[in-house]
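Residue numbers (the UniProt record's numbering): 1 to 87.
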């Protein structure tokens with residue numbers, strides 16, 4: 001979990017302000033998504049930034065990362081402390 005916390009601190013800097021939409025940050029953010037899957041963690045803001053970058057830059061889109069992001073969101077939404085809105 002220590003690696004995830006370190007990446008969370010770094011990823012938090014990347015998703016603030018204009019850097020959020022910088023495609024040069026995509027590789028780092030994608031690595032962060034993969035780390036979430038391995039360490040059973042969740043970073044909502046980073047995941048949203050990755051999906052938004054894919055929306056604006058479809059040439060960089062990776063299906064596996066998108067699937068991991070969406071599956072992580074679905075599994076996180078079903079916990080009592082979920083940041084996701086309930087329908």
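Glycine included, each C-beta is placed from N, C-alpha and C at the ideal position.
For clarity, every value in this text was computed on a predicted model and none was experimentally measured.
- Nearest to residue 21 by C-alpha distance, out of 36, 63 and 58, is 58.
- Exposed is the label assigned to residue 28, since fewer than 16 other Cβ atoms lie within 10 Å of its Cβ.
- For residue 42, the three-state secondary structure derived from DSSP is coil.
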